[in-house]
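Asks: Please see the structure below; I have some questions.
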Amino acid sequence: MLCNCLGESPWAKCLKKAPVRSETIAAVINYFMESKWIFIFLLILPNPVTATSQCQTHDGNGNVDWYHSYWAILYKAAGQNNGKIITSASLAWQQSPAAITAGAGNSFGKALEHVAVVNANAKFVAYNSKPPNAVGVQTNSNSKGILIMDPAPADSAAWIIHTVPGFPKALQAYTFPAEEIAKGHLFVCFTIKEEQLDVISLALRIARPLVYHHDIPAAEVNSRPNLKNLLNGDSSVLPPLSIRKEIKTAADPGIKVSVFSKGEKSGYEMFKRILSRKLKKDLKVWTTRDKKLKGDCRILGRNIKLITSPISVSGDASTLENDVSQWAVTEPGNIFCAIDKPYHKSQRKEPALAVCIDDATIFTQFNGLVTVTVNCSFFCIIINCLMESKWMLIFLLILPKQITPTSKCQTHDGAGETDWAVLYKAAGKNDGRIITAASAAWRQSPAAITLAAGNSFGKALEHVAAANPNAKFVAYNNKPPNAVGVQTNSNSKGILIMDPAATDSAAWIIHTVPGFPKALQAYTFPVEEIAKGHLFLCFTIKEEQLDVISLALRIARPLVYHHDIPAAEVNSRPNLKNLLNGDSSVLPPLTISKEIKTAANPGIKATVFSKGEKSGYEMFKRVLSRKLKKDLKVWTTRDTKLKGDCRILGRNIKLITSPISVSGDASTLENDVSQWAVTEPGNIFCAIDKPYHKSQRKEPALAVCIDDATIFTQFNGLVTGTDACN
C-alpha cells in the first residue's frame, strides 16, 4: 500500500492519508533516509529557534555546531557601520556581511540576540560605565560587556567585551547608538565553559563595573560566590588589589586568555606597571595618551611604544581622535591585549581590566595594523640600536659600570647571586665560615663580616646601607641600632628586602646581631659583637613569599625599626601591611607553620614555625620536636630548669656538648649567642631565635627549619657529643 501511495501522489499528501501506525511511519522514514528526497525533506523542515549563548561566525548564521565560533573579534573603524571581523572559523580580516547597527546577519548582532529578546535558555549579566537609558551616572570604571549563559543542562556560555557606551539595551529592541557610528569601536567574544564565569566575576569585582541588568537564576548565582558578590554590589575585595586569572575558550585545545584586573587603591598603572611587567615583553600600544605619560624605553624588554596614528583596519582608516578602543600587541609576539582604560596617568587611581590573548592568528592580524611607533627618548633609541649592532660590546666597555641593586643572597665573596647562604661567625672571629648553594662545604669568608664588600652578607646588605630605588626593605631587631632602653619580649632579628621594579627579586636575611644593620647609614658591624658567636642565614625568594613570611613574623611580633617598601607593594600584601602597621591582633591558632622555598628550581624547602606569647608552648620540645617527629640535637644556652629530655622515643631533646669547632674556629655556649638544632635522623637544620629556657613559654618565638642534606651535613658535623639525658 505504501508503494502505491507514493506512486500516486506527492509524499506529503501520501503521509497525510496514510494510517497512523508505528510500522508505517518507520517505513516512511527508512524510505526517505535512503532516497534522493531526503534533501528536499531537510530543506522544508521548520528551523527551530535556538537560544544564543555562544559567539557567532562572521555572518551570525545560527548557533548549531557548524555555525558557532569559539571566539570572534570585530573592529569597527570610525565612520563605518559594519567593520572588519576575524573568528576562529575565518582567520583573516573580512567585511562583516551586515552592519553592526542591524540585529541580524552579523556576528555580534546574533550573539546579542537574547540580550534584546527574552529566552528561557539565555540569561545574562550586562555592565557598562554608561548604561542605556541612564543620564548622569558616575563611575570610575570603564568596563563594558556581557556575561551570558544557558541555565539549562547544556554547558554553554560566552563573555562579550566591547567599548560602546549605552549599549546594548537589556530586553529591548536591538539598537546601536547612532552617535557611536562616528567612533571606532572594538568587540571581543569568547565562547567559554560555564565554570569560567566565576573566575571572570572575580576579576570584574576588582574592576568594579556598573551592572545595569541581570536575570541569571538564583540557583546559578548562589553556586558561584564571586558572581554572587558582583551582582550584590559587594566590592569589599581583600588584597592583593591586582590579580591575574587564566581562562580558556570552550574548544579543545582552545585559546588561552589572561585577565588582568586592578583596583582603584592599587596605585598601579595598567600598561607599564602590570602588563609589560607580567608579560615580560615590550608593548606596542594603540590608545589616546595624556601629556604626562609618554613612550618609555628605559627598561630593555619592558618598553612602552605608542603606535602612530592613523592606522588602517583592512582598508578602514582609524585615528586616535575618533577611536575609543585601547589595545596592545607584544614585541615579540604572540599576545594581543584589549584594555578598558587609556594610557593616562589618572588611571593609576582608577580600577581597570585587561584581557590578553596568546594566539598567533589574532596577534598577526592586529600587529599588521601597526605601521610605525612614536619615537621614545633619544637615549633609549640609541640603546636599542646598539643592542642590535656590532658596536654593542664597545659601547658597554666604555660605559661607566652600572650599580645593580642587591635584593638577593650573594656568593661567598659577594661577587654574584646565589639561592641561599649560611655564615657562622665563631666567637672572637671577624670573618667566619660560609656555605652557599654554589659551595656546599664550609670555607673561609674571603673578607671580614665587619666590611661592606668582599663577603656574602656585606654585599647582600649593600642597599640596606645605601639607598637604591630598586632595593627596598623591612628591618627588624629586638635591639634596634641607635636606640637605647627599648624593651620587647621578641628576640627576632632580620631583613626582608625586595625589588619593587619589574623583576621578581627578594630575599629574607635572618641573623643574631643586636643593633645591626643600620638603615640607610654607612655599613657598621658592632665592635662589641666580634667577641661573640653569630649566625647569618639568607634565602633568595619569590616576592609572593613575602606575605607568608610576614604572617609568621606577625605572630612572633618583632620590633620593626625601618621600612621603605612602596605603599602599592605593601597594600597588596595584607600580612605585610599589618606587620608594618604594628597590628599584632592575630586570631588563634597562636602557633603556625608555613612552607616557603627558595627561588631556584627546584630550590630548597623551609618551614617557618612561629608561636605567640599567649600560646604557652615551649618552642623546642612542644613545637619543633613534635611537628618534625624527630629527635633534636640542640645548640643553645640552657637554664637550670630545662634539661635534656629523652622520655619520649623519637621526640628526644639532646643538648650538644660545648665547645664545638666550626671548621677549625672554636665556639662555646658562653660566648655564642646563636641557637640552632639538627634532627636525628636527618636531614633538617633549624635556626631558632630563642634559647632553651623555660621563660620562652610565655614569649613569642620563631624558628626556620631547612630540609636539605647539604646544610644538615655541615651542621651535624659540628656535633661531637651530647649531654646525658634524663
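Okay, so the sequence shown: first residue is 353 according to the numbering used here, each after it adds one. C-beta atoms are modelled at their ideal positions from N, C-alpha and C, and glycine is treated no differently. None of the values given here were measured: they were computed from a predicted structure.
Report yes if the CB atom of G1073 is closer than 7 angstroms to the CB atom of T1009, and no otherwise.
Replies: It is a contact, given that the beta carbons lie within the stated cut-off.
Asks: Helix, strand or coil: which one does DSSP assign to R785?
Replies: Here R785 sits in strand by DSSP.
Asks: Since I believe A908 is in contact with P1011 (beta carbons under 8 angstroms), could you give me their beta-carbon distance rounded to a whole number of angstroms?
Replies: Actually they do not touch by this definition, with Cβ atoms about 29 angstroms apart.
Asks: Using beta-carbon positions only, say whether L562 and S481 come within less than 7 angstroms of one another.
Replies: Contact flag set, yes.
Asks: Exposed or buried, which one is C737 when buried takes at least 16 other CB atoms within 10 Å?
Replies: Note that C737 scores 42 on pLDDT, short of 50, meaning its location in the model is unreliable; the coordinates nonetheless yield the value given after this. Exposed, since its Cβ has fewer than 16 Cβ neighbours within 10 Å.
Asks: If you reduce the DSSP assignment to three classes, tell me which class T1072 lands in.
Replies: Three-state DSSP puts T1072 in coil, outside helix and strand.
Asks: Using only the alpha-carbon positions, how far apart do I558 and S857 sit?
Replies: Each residue's alpha carbon lies about 26 angstroms from the other.
Asks: Contact defined as beta carbons within less than 8 angstroms: I believe A789 pairs with W772. What is the distance between those atoms, to the nearest angstrom?
Replies: So it is a contact: roughly 5 angstroms between Cβ atoms.
Asks: Provide the residue(s) that pair with I861 in DSSP beta bridges, ordered along the chain.
Replies: Looking at the DSSP assignment, I861 forms a beta bridge with I847 and C890.
Asks: Helix, strand or coil: how does DSSP classify L425 here?
Replies: According to the sequence provided, residue 425 is Ile. The question's Leu does not apply to it. Residue state, collapsed to three classes: strand.
Asks: Whose C-alpha, out of K697, R560 and A454, is nearest the C-alpha of G585?
Replies: The candidate whose alpha carbon is nearest that of G585 is R560.
Asks: Using the rule of at least 16 other Cβ atoms within 10 Å of the residue's Cβ for burial, across every protein chain shown, is E970 buried or exposed?
Replies: Answer is buried; the Cβ neighbour count reaches 16.
Asks: In three-state DSSP terms, what is S481?
Replies: Residue state, collapsed to three classes: coil.
Asks: Shortest alpha-carbon distance to A1018 belongs to which of K884, L1001 and P1033?
Replies: Of the listed residues, the one whose Cα sits closest to A1018 is K884.
Asks: Helix, strand or coil for F1064, going by three-state DSSP, please let me know.
Replies: It is helical.
Asks: Hey, how far is the Cα of N494 from the Cα of E896?
Replies: So the two alpha carbons sit approximately 29 angstroms from each other.
Asks: Quick check on the burial criterion: 16 or more other C-beta atoms within 10 angstroms. Buried or exposed for E673?
Replies: Counting Cβ neighbours within 10 Å, E673 comes out exposed, since fewer than 16 surround it.
Asks: How close, in whole Å, do the beta carbons of G435 and A429 come, if the pair is a contact with beta carbons under 8 angstroms?
Replies: Yes, they are in contact, since the Cβ atoms of G435 and A429 sit about 7 angstroms apart, within 8 angstroms.
Asks: So who's on the other strand from D604, going by DSSP bridges?
Replies: D604 is not bridged to any residue.
Asks: Would P694 and T639 be called neighbours here (beta carbons separated by less than 7 angstroms)?
Replies: In contact: P694 and T639 (Cβ atoms closer than 7 angstroms).
Asks: Taking just the CA atoms, how far does K966 sit from K600?
Replies: Whole-angstrom Cα-Cα distance: 48 angstroms.
Asks: With burial defined as no fewer than 16 other Cβ atoms inside 10 Å of the residue's Cβ, what is the status of Q1048: buried or exposed?
Replies: So Q1048 ends up on the buried side.
Asks: Between R700 and G619, how many whole angstroms is the CB-CB distance? I'm expecting something under 8 angstroms.
Replies: The pair is a contact, with the Cβ atoms about 6 angstroms apart (cut-off 8 angstroms).
Asks: How would you label D567, buried or exposed, when you count the other beta carbons within 10 angstroms and need 16 or more for buried?
Replies: Answer is exposed; the Cβ neighbour count stays below 16.
Asks: What's the call for M739, buried or exposed, on a 16-neighbour Cβ count within 10 Å?
Replies: With a pLDDT of 46 at M739, under the threshold of 50, the predicted position of this residue should be treated as unreliable, and no value is reported.
Asks: Pick from K697, V722, A525 and A1029: whose alpha carbon is nearest that of L984?
Replies: For L984, the nearest C-alpha among the options comes from A1029.
Asks: Quick check: what's the CA-CA separation for V838 versus V912?
Replies: For V838 and V912, the distance between alpha carbons rounds to 12 angstroms.
Asks: Counting C-beta neighbours from all protein chains within 10 Å, is the total for G412 16 or more, i.e. buried, or is it exposed?
Replies: By the neighbour-count rule (16 or more Cβ atoms within 10 Å), G412 is buried.
Asks: Here's the rule: buried if 16 or more other CB atoms are within 10 angstroms of the residue's CB, otherwise exposed. What is K981?
Replies: Exposed: under 16 other Cβ atoms inside 10 Å.
Asks: Going by the CB atoms, is the gap between A706 and I691 shorter than 7 angstroms?
Replies: Against a cut-off of 7 angstroms, the Cβ pair of A706 and I691 comes out as a contact.
Asks: Exposed or buried, Q678, counting other C-beta atoms within 10 Å across all chains shown (16 or more means buried)?
Replies: Buried: at least 16 other Cβ atoms inside 10 Å.
Asks: Could you check which residue in A874, L645, K496 and S440 has the C-alpha nearest to that of L556?
Replies: When only C-alpha atoms are compared, the closest one is K496.
Asks: Once the 5 residues before and after H915 are set aside, which same chain residues still bring their CB inside 6 angstroms of it?
Replies: Excluding residues within five positions, the ones whose Cβ falls inside 6 angstroms are V826 and L932.
Asks: Roughly how many angstroms lie between the CA atoms of T543 and A510, to the nearest whole one?
Replies: Taking the straight line from one Cα to the other gives about 4 angstroms.
Asks: On a Cα-Cα basis, can you pick out the residue from F718, S962, V879 and R1003 that is closest to K1042?
Replies: The option with the nearest alpha carbon to K1042 is S962.
Asks: For M501, which beta-bridge partners are listed by DSSP?
Replies: For M501, which the question treats as bridged, DSSP gives the partners K475 and A509.
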